[in-house]
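Student:
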Amino acid sequence: MPFTDTAMQLIDHDAIASPPFPPHGGRRFTGCLPMNQILQVGDFLVSANGLFFATLAGDGTFRVYRGIDTDEEQGVLWCSRKAGERGRYFALVQSDGNFCIYQGSDLAHNCGWHWGTQMTAQGQQFYAAMQDDGNFSIRAGTGPDDSRGVVWATSVTDHVLSIEEVLHIEYDFANACVLRTSPASQYSEVVTNHTATPSAHTLAGAIAITETSSWTNTPAATLGPDVEYRHGVPGVSGDDFILSDEPVDYVANCAVTRQTAWAFDTPYNVPPHASMRAAIALTYSTVSVPYVLVGQLRFESGARVVGAIQGNYLGTNAHSLTASFTPHDPSPNMGKRILRPLRPLSGMVAYQR
1 MPFTDTAMQL IDHDAIASPP FPPHGGRRFT GCLPMNQILQ VGDFLVSANG
51 LFFATLAGDG TFRVYRGIDT DEEQGVLWCS RKAGERGRYF ALVQSDGNFC
101 IYQGSDLAHN CGWHWGTQMT AQGQQFYAAM QDDGNFSIRA GTGPDDSRGV
151 VWATSVTDHV LSIEEVLHIE YDFANACVLR TSPASQYSEV VTNHTATPSA
201 HTLAGAIAIT ETSSWTNTPA ATLGPDVEYR HGVPGVSGDD FILSDEPVDY
251 VANCAVTRQT AWAFDTPYNV PPHASMRAAI ALTYSTVSVP YVLVGQLRFE
301 SGARVVGAIQ GNYLGTNAHS LTASFTPHDP SPNMGKRILR PLRPLSGMVA
351 YQR
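full-length UniProt numbering puts the first residue of the sequence shown at 1, with every later residue one more than the last.
(1) Around the Cβ of Gly302, are there at least 16 other Cβ atoms within 10 angstroms (buried) or fewer (exposed)?
(2) Out of Ala129, Gln94 and Asn135, which one is the CA nearest neighbour of Gly123?
(3) Under the assumption that Leu77 contacts Gly116 (Cβ atoms under 8 Å), give the Cβ distance between them as a whole number of angstroms.
(4) What do you get for Gly87, buried or exposed, if any count of 16 or more other CB atoms within 10 angstroms of its CB means buried?
(5) In whole angstroms, what is the alpha-carbon distance linking Arg106 and Ala57?
(6) Counting pairs of Cβ atoms below 8 Å between the segment 26 to 43 and the segment 268 to 285, do you hit three or more?
(7) Please return the same chain residues whose Cβ sits closer than 6 Å to the Cβ of Gly295, not counting the five positions on each side in sequence.
(8) So the beta strand (DSSP E) Thr202 belongs to, where does it begin and stop?
(9) For Ala274, which residues from the same chain have a beta carbon less than 7 Å from its beta carbon, with the 5 sequence-adjacent residues on both sides left out?
(10) Just grab the DSSP bridge partners of Cys177 for me.
(11) Nearest CA to the CA of Ile169: which residue from Pro183, Arg230, Ala153 and Trp152?
(12) Compare the C-alpha of Gly97 against each of Phe90, Cys79, Val64 and Val150 and name the closest.
(13) Do Arg298 and Gln74 come within 8 Å of each other at the CB atom, strictly closer than that value?
(14) For Ala54, I'd like the list of residues in its chain whose CB is within less than 6 Å of its CB, leaving aside the five on either flank, ordered along the chain.
(15) So for Ala221, helix, strand or coil by DSSP?
(16) Let me know the secondary structure DSSP gives Pro341 once reduced to three states.
(17) If Val287 sits next to Val178, beta carbons under 8 Å apart, how far is it from one beta carbon to the other, in whole angstroms?
(18) In chain order, what are the residue ranges of uninterrupted beta strand (DSSP E) at least 3 long that sit wholly in the UniProt domain "Bulb-type lectin" (30 to 151)?
(19) Given this structure, state the Cα-to-Cα distance separating Tyr351 from Arg258, to the nearest angstrom.
(20) Measure from the alpha carbon of Ala261 to the alpha carbon of each residue in Asp249, Ile209 and Tyr291, then state which is nearest.
(21) Indicate the three-state DSSP secondary structure (helix, strand or coil) for His168 in the structure shown.
(22) Would DSSP call Asn269 helix, strand or coil?
(23) Start and end of the beta strand (DSSP E) containing Pro327?
(24) Cutting at 6 Å between CB atoms, please list the residues of its own chain near Ile242, excluding the five before and the five after it.
(25) Mapping the DSSP letters down to three states, classify Ala184 as helix, strand or coil.
(26) According to the Cβ coordinates, are Tyr171 and Trp215 closer than 8 Å?
(27) Specify the secondary structure class of Val233 as computed by DSSP and reduced to three states.
(28) Following the continuous beta strand (DSSP E) through Asp226, name the residue where it begins and the one where it ends.
(29) Should Asp240 go down as buried or exposed, given a rule of 16 or more other Cβ atoms within 10 Å for buried?
(30) In its own chain, which residues sit with a C-beta less than 8 Å from the C-beta of Gly84, not counting the 5 before and 5 after it?
(31) Between the C-alpha atoms of Leu10 and Ile68, what's the straight-line distance to the nearest angstrom?
(32) Looking at C-alpha atoms only, which residue of Ala91, Phe90, Tyr313 and Ser285 is the closest neighbour of Val248?
(33) Run the CB neighbour count on Thr202, radius 10 Å, all protein chains shown included, and call it buried at 16 or more, exposed below.
(34) Candidates Leu223, Met35 and Ala200: which alpha carbon is nearest Thr142's?
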């Protein structure tokens with residue numbers, strides 16, 4: 001399906017880690033709208049999972065959408081269906097539990113009632129909730145942690161079934177963490193020099209590296225049968241989070257294992273009448289990184305829209321390949337140990353699922 005310009009702008013936006021992002025300077029509220037908080041034309045109220053959002057249109061209609069784009073043909077899930085002349089409108093949850101839309105820019109410039117739920121309730125606090133299933137509701141209480149029952153709701157829901165195309169995966173390194181770091185010895189050799197002059201040697205060979213990647217989507221949407229997406233994956237290099245240069249096949253709610261051959265070739269000298277232990281080691285790190293996947297989603301209703309699915313990446317990668325050279329004797333002096341960081345030479349990569 002062709003993607004609208006607005007959708008592509010949202011995909012390219014710096015704030016892609018929490019789409020949709022309101023165009024034209026609108027504000028974004030996540031999950032709930034507190035009582036008496038003004039929602040203006042162009043503002044978004046987004047579900048916590050990022051799959052649905054509600055917004056007030058310039059004709060005074062209040063709409064709930066699937067996905068991230070108001071221009072999506074199949075995006076509208078629910079609409080208040082009362083349109084007026086295009087202009088300024090605002091909406092709010094009133095202190096009686098009624099959710100109303102008024103003409104004008106705010107309470108100080110109220111030009112008259114336009115639409116409302118016409119449902120009131122006993123209580124002192126109310127809020128609007130954009131739920132993870134697409135249902136928009138007015139509830140008693142101060143927020144999701146203090147919900148005291150439904151006053152009014154659209155009662156229209158939908159659920160994601162599958163991902164039909166992956167456009168982009170944005171990893172949130174600001175909230176990434178290293179779960180485990182394990183040094184691993186890979187190869188060693190002992191060379192003895194029986195002569196009276198230093199002898200030159202080369203530590204050369206290749207080691208097999210096994211790395212894993214897994215993605216868990218929330219909700220657990222499956223991947224369409226013909227969907228392919230390959231891109232770099234998160235990992236650790238030294239003290240930094242990186243994306244791998246080598247692309248990896250994305251699999252939904254599953255893990256992939258890949259095997260790489262790392263070659264090494266570094267010279268070293270052994271002093272006269274001495275033995276030297278030469279060794280190769282590296283470090284395995286396991287990382288956890290939140291992500292947002294933007295792609296074409298297929299919903300239970302049959303609708304297909306560009307939307308965003310949240311998830312978490314868990315992967316183990318190898319890094320910090322190092323050669324060490326240590327005098328080899330019954331009581332080695334570790335103070336004489338020489339460490340030399342190495343850059344892996346290119347090798348063959350094999351993927352296994």
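Think of the CB as a built atom: it goes at the ideal place given N, C-alpha and C, for glycine as much as any other residue.
Tutor: In this structure, then:
(1) exposed
(2) Gln94
(3) Rounded, the Cβ-Cβ distance is 20 Å, inconsistent with contact.
(4) exposed
(5) Note that residue 106 corresponds to Asp in the displayed sequence, not to Arg. Going from the Cα of Asp106 to the Cα of Ala57 covers about 15 Å.
(6) no
(7) Ile163, Glu165, Val166 and Leu167
(8) Ser199 to Thr218
(9) Asn193 and Pro327
(10) Ser288
(11) Arg230
(12) Val150
(13) no
(14) Leu45, Val64, Met130 and Phe136
(15) coil
(16) strand
(17) 6 Å
(18) 32 to 34, 44 to 46, 52 to 56, 62 to 66, 76 to 79, 89 to 93, 99 to 104, 110 to 116, 126 to 130 and 136 to 141
(19) Reliability fails at Tyr351, whose pLDDT of 40 lies under 50, so the model's placement of it is uncertain and the value that follows must be treated cautiously. Straight-line Cα distance between these residues: approximately 4 Å.
(20) Ile209
(21) strand
(22) strand
(23) Arg304 to Pro327
(24) Gly235
(25) strand
(26) no
(27) coil
(28) No beta strand (DSSP E) holds Asp226; DSSP gives it neither H nor E.
(29) exposed
(30) Asp59, Gly60, Gln103 and His114
(31) Any reading at Leu10 is ruled out, since the residue's pLDDT is 39, under 50, leaving its predicted position unreliable.
(32) Tyr313
(33) exposed
(34) Met35
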